[in-house]
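**Q** For the sequence shown, UniProt numbering assigns the number 1 to the initial residue and increments by one for each residue that follows.
Positions of the beta carbon are idealized from the N, C-alpha and C atoms, including for glycine.
Note that the structure is a prediction, hence the values are computed from the model and not measured.
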Amino acid sequence: MDTLVVLALVAVVVVAVVQARKAAERRRVEERRLAEVAASRRLADDDTTRFGEELQELHWETLTDRLDPAMRQDYQRALDSYEAAKDLLRDATTAEQVRGATTALEDGRHALACVLARRDGRPVPVRRPPCFFDPAHGPAEDDAGWAPPGGTRRVVPVCRADAARLAVGAEPATRQVRRGDRMVPWWEGGPAYGAWAGGFYGGYALAGVFPAFILGSMLAASVDPGAEYADAGALEGADGGDADWGGDPGGVQDDPTAGLGESGDFGGGDWGGGGDVGGDDFGGGDFGGGDFGGF
């Protein structure tokens, strides 16, 4: 009888230990997920702010211009995309929300490129992936061969400014992200930044017009099981993915539209929010505290 009691107690202890370990693992996985979402969300927040500033600058530049219907439609699409990104990021807790925000920003940047092209009397741009080195550079204008030090040469979509840099042997202006205690090019950031990158580039990778292996290696990168998070907003210990891909800090803003070809649609979709179009003017669209009216 005593033996049965002991065995029962041992079984209870074993079950309790197993359940405690499972609960701890679930908490660890959830903490990691939240940290990865927070890392992507911070980047997307930066991109949204930057895009909003460019729209605000364009607003003041075009106050005296009369916008034709096509230009007005593109401008409204850019505003709607900005508002959609803001709405999705406001309370974002999932990778899908962050990915939706950067998908909206990618569509908005193409719309902005169309506005600038129409304003300057140039052909509206074809729908192309964002610049590989930094999606904030806007739609790519060309494809260029590039290899990091000691790495394999790849053909990637690039903006005009980075194409010019590469042509003279200079380093491109690369978007840097935090990995542990250092800054690395975004494609070495690991799966923490997969949601951010997926919205900008994922659709093009599926369509075969963006190097899919880049996103694949990034999303498949392993994460050190022993890594600890300083807080929910900082990812530590993420593996850098493809070690051949390097790059130097950049961040130079480019004109995303010069020299682009004819218009073409790629994905995107209708994004709610933003101001309404009425009559000959834009009316009533709130924009970061400033009213986008009076065109």
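Is it buried or exposed for Val-6, if we count other Cβ within 10 angstroms and need 16 for buried?
**A** Translated into positions along the sequence shown, residue 6 becomes position 6. The residue in question, Val-6, is exposed, as its Cβ has fewer than 16 Cβ neighbours within 10 Å.
**Q** Going by DSSP, which residues form a beta bridge with Ala-78?
**A** Residue mapping note: residue 78 aligns to position 78 of the sequence shown, counting from 1. Bridge partners of Ala-78: none, in fact.
**Q** Should Trp-60 go down as buried or exposed, given a rule of 16 or more other Cβ atoms within 10 Å for buried?
**A** Taking the first residue of the sequence shown as 1, we reach residue 60 at position 60. Trp-60 is exposed by the Cβ-count criterion.
**Q** Tell me the rounded alpha-carbon separation between Thr-103 and Val-15.
**A** By 1-based counting over the sequence shown, the position of residue 103 is 103. By 1-based counting over the sequence shown, the position of residue 15 is 15. Computed Cα separation, rounded: 46 Å.
**Q** Around the Cβ of Met-71, are there at least 16 other Cβ atoms within 10 angstroms (buried) or fewer (exposed)?
**A** Position 71 of the sequence shown, counted from the start, is the residue given in the question as residue 71. The residue in question, Met-71, is buried, as its Cβ has 16 or more Cβ neighbours within 10 Å.
**Q** Could you say if the segment 171-189 and the segment 9-29 meet the contact criterion of at least three C-beta pairs nearer than 8 Å?
**A** Touching, no.
**Q** Helix, strand or coil: which one does DSSP assign to Val-98?
**A** On the sequence shown, residue 98 is found 98 positions in, with the first residue counted as 1. Residue state, collapsed to three classes: helix.
**Q** I'd like to confirm the pairing. Which residues does DSSP put opposite Val-156 in its beta bridges?
**A** By 1-based counting over the sequence shown, the position of residue 156 is 156. Ala-144, per the DSSP bridge assignment.
**Q** Give me whichever residues DSSP pairs with Met-183 in a beta bridge.
**A** By one-based count along the sequence shown, residue 183 stands at place 183. Met-183 is bridged to Arg-178.
**Q** What does the alpha-carbon distance come out to for the pair Pro-135 and Ala-38?
**A** Along the sequence shown, one-based indexing puts residue 135 at 135. Along the sequence shown, one-based indexing puts residue 38 at 38. For Pro-135 and Ala-38, the distance between alpha carbons rounds to 19 Å.
**Q** How is Pro-139 classed by DSSP in three states: helix, strand or coil?
**A** For the purposes of this step, residue 139 is taken as the residue at position 139 of the sequence shown. Looking at Pro-139 - three-state DSSP - the assignment turns out to be strand.
**Q** Helix, strand or coil: how does DSSP classify Pro-129 here?
**A** By 1-based counting over the sequence shown, the position of residue 129 is 129. Correct three-state label for Pro-129: coil.
**Q** According to DSSP, is Gly-52 part of a helix, a strand, or is it coil?
**A** By one-based count along the sequence shown, residue 52 stands at place 52. Residue state, collapsed to three classes: helix.
**Q** Between the Cα of Ala-78 and those of Arg-109, Ala-35 and Val-168, spot the shortest distance and give me the residue it belongs to.
**A** Residue mapping note: residue 78 aligns to position 78 of the sequence shown, counting from 1. The candidate whose alpha carbon is nearest that of Ala-78 is Arg-109.
**Q** Answer yes or no: do Gly-100 and Leu-116 have a C-beta to C-beta separation smaller than 8 Å?
**A** In the sequence shown, the residue the question calls residue 100 occupies position 100. In the sequence shown, the residue the question calls residue 116 occupies position 116. For Gly-100 and Leu-116, no; Cβs fall outside 8 Å.
**Q** Can you tell me whether Val-5 is helix, strand or coil according to DSSP?
**A** In the sequence shown, counting from the first residue as 1, residue 5 sits at position 5. In this structure, Val-5 counts as helix in the three-state DSSP scheme.
**Q** Just to confirm, is the Cβ distance from Ser-81 to Ala-44 under 8 Å?
**A** Here residue 81 is taken as the residue at index 81 of the sequence shown, counted from 1. Here residue 44 is taken as the residue at index 44 of the sequence shown, counted from 1. No, the Cβ-Cβ distance between Ser-81 and Ala-44 is not below 8 Å.
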